[in-house]
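Numbering (this note's numbering), first residue to last: 108 to 548.
Here you go:
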């Protein structure tokens, strides 16, 4: 069991002479080599946690820090950590890089110049977190395995309970610092069972959410992962786009909060599938209109702005073809290295079945799967028949009615949302493509 007692600290502020790619919080980048050098600046100690698919360590040996400087594939020397990703312990899928003030009792409010630089082959990236204050431990970034390739993501999530608290959240059994012994706590009554602490969320921006909303997001995100596992697609990643019907007939649904609850419940899909935990959002009325991207940390404000009442920016009549074309233009001009999942909420009453069918047929060559979700207890027209369209090389659509949105459990909803998407990925992409590999067989 590692002792969190500092033996020595060898950290100095240094200028980084390298020309590097700057990263912002939540941004990720591929690593071209499995050998990675991590260097921190600022009066901080660097800690690495080697995690498996469960998001926890397999033993205390997976914690590399000032009192335990080596692990398979990881060696810490002062403020420099050398990683050989191919030599990490079996089952390792993620290395979380954590900074803590080198001086006991300090917070990041008094520690300046904190930054991390990662070098992998010809690639170098640097992340300098901003807005630090009372945190005593900080997740700088994470190196993670996705679709058979290693990536780095800037995180910048701080914690007020220090390195020991953060380590326990990741499953490390740590001893208390003898200089600050823990106050004995009486054991609970025999009948009492202490509630388990929720796992740390590394979802970008989740720390900005109200506590209940954050806990609900984390729970739902795990349920999405379970639904993907049922489909054999636990490693699948995707860009997620949301489309909201804003035709005049939806006014009552917006007024009753149906669209607010619907968007809040699909946000965890993006948190689970998208590396940046965000969604690009479009409105469907007389025309397709792209609006503010939806990021986890902005969820309450976004919902108030765009679902508190029916938005009028796109007009008040249905034009499914217009928004499909608008989404396809976005995908074409903003290509991604992952497939795109469109979650399209519609209250029914399609006015142009023939035009909608033509648009979906024209979209078949694009790396986009269209999941239509009915909310209006209405006639969904062509939307309910898209799965049976003949003459397509691949079925690029799915549909289900969510008229009973408040009665459907989250687990059932996420099973429905990801029911057909992995099958489309397997049919659309050729054998050996990273997306198809991640989607399973």
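Heads up, the beta-carbon is just placed ideally off N, CA and C, and yes, glycines get one too.
For this session: My understanding is that residue 242 touches residue 217, with C-beta atoms under 8 Å, so please give their C-beta distance in whole angstroms.
Result: Their Cβ separation, rounded to whole angstroms, is 11 Å, which puts residue 242 and residue 217 out of contact at 8 Å.
Problem set entry | Residues that residue 152 bridges to, as DSSP identifies them | 207
For this session: Within 10 angstroms of the Cβ of residue 363, are there 16 or more other Cβ atoms? Answer buried if so, exposed if not.
Result: exposed
Exercise. Going by the beta-carbon positions, is the gap between residue 187 and residue 146 smaller than 7 Å?
Worked result: yes
Exercise. In the structure shown, what three-state DSSP assignment does residue 239 receive?
Worked result: coil
Exercise. If you draw a straight line from the alpha carbon of residue 353 to that of residue 222, how long is it in whole angstroms?
Worked result: 44 Å
Exercise. Is it a yes or a no for the region 475-491 touching the region 443-460, going by three-plus beta-carbon pairs under 8 Å?
Worked result: yes
Exercise. Once you ignore the five residues that flank residue 510 on each side, which residues in its own chain have a CB closer than 8 Å to its CB?
Worked result: 481, 482, 483, 484
Exercise. If you run the structure through DSSP and keep just helix, strand and coil, what is residue 467?
Worked result: helix
Exercise. Taking Cβ positions, are residue 398 and residue 386 nearer each other than 7 Å?
Worked result: no
Exercise. What residue does the beta strand (DSSP E) around residue 481 start on, and which one ends it?
Worked result: 475-481
For this session: May I ask you to list the residues that DSSP assigns as paired with residue 386?
Result: 347, 401
For this session: Indicate whether the contact test is met: 3 or more Cβ pairs, each with one atom in the region 536-548 and one in the region 330-350, closer than 8 Å.
Result: yes
Exercise. So, do the region 426-436 and the region 403-418 have three or more beta carbon pairs nearer to each other than 8 Å?
Worked result: no
Exercise. How about residue 195 and residue 143: are their beta carbons less than 7 Å apart?
Worked result: no
Exercise. Span of the alpha helix (DSSP H) holding residue 323?
Worked result: 318-337
Exercise. Given a threshold of 16 other Cβ atoms within 10 Å of its Cβ, counted over all protein chains shown, does residue 464 qualify as buried or as exposed?
Worked result: buried
Exercise. Is there at least one Cβ from chain C nearer than 7 Å to residue 476's Cβ?
Worked result: This model lacks chain C altogether; it includes just one protein chain.
For this session: Below 8 Å CB to CB, which residues in the same chain sit around residue 316 once its five sequence neighbours on both sides are set aside?
Result: 324, 403, 404, 406, 407
Exercise. Do you know offhand how far residue 139's Cα is from residue 229's?
Worked result: 8 Å
Exercise. At what residue ranges does the region 401-464 contain a whole run of the alpha helix (DSSP H), taking only runs of 4 or more?
Worked result: 406-414, 427-440
Problem set entry | Residue of 135, 507, 209 minimising C-alpha distance to residue 245 | 209
For this session: Tell me, please, which residues DSSP counts as bridged to residue 395.
Result: 391
For this session: Provide the residue span of the beta strand (DSSP E) that contains residue 244, from first to last.
Result: 244-253
Exercise. For residue 529, does the three-state DSSP call read helix, strand or coil?
Worked result: helix
For this session: Look up residue 352 in the DSSP assignment and give the residues it is bridged to.
Result: 391
For this session: Name, in chain order, the residues that DSSP records as bridge partners for residue 188.
Result: 145, 183
For this session: Find the nearest neighbour of residue 155 within the set 355, 163, 169, 165, judged by alpha-carbon distance.
Result: 169
For this session: Report all residues from its chain with a CB closer than 8 Å to the CB of residue 290; omit the five preceding and five following residues, and keep chain order.
Result: Caution is warranted here: a pLDDT of 37 is assigned to residue 290, below 50, making its placement in the model unreliable, and no coordinate value can be reported.
Problem set entry | DSSP three-state assignment for residue 260, whether helix, strand or coil | strand
Exercise. Ordered along the chain, which non-local residues of its own chain (more than five positions away) have a Cβ less than 6 Å from that of residue 172?
Worked result: 154
Problem set entry | Which of helix, strand or coil DSSP assigns to residue 202 | strand
Exercise. Nearest-angstrom Cα distance between residue 442 and residue 380?
Worked result: 17 Å
For this session: Report the rounded CA-to-CA distance for residue 117 versus residue 206, giving the unit in angstroms.
Result: Low confidence applies to residue 117: its pLDDT is 44, below 50, so where it sits in the model is not reliable, and the reading given next is rough at best. Approximately 14 Å between the Cα atoms of the pair.
For this session: Evaluate residue 236 with the Cβ neighbour count: other Cβ atoms within 10 Å of its Cβ, from every protein chain shown; 16 or more gives buried, anything less gives exposed.
Result: buried
Exercise. Going by C-alpha distance, which of 328, 152, 166, 391 is nearest residue 174?
Worked result: 152
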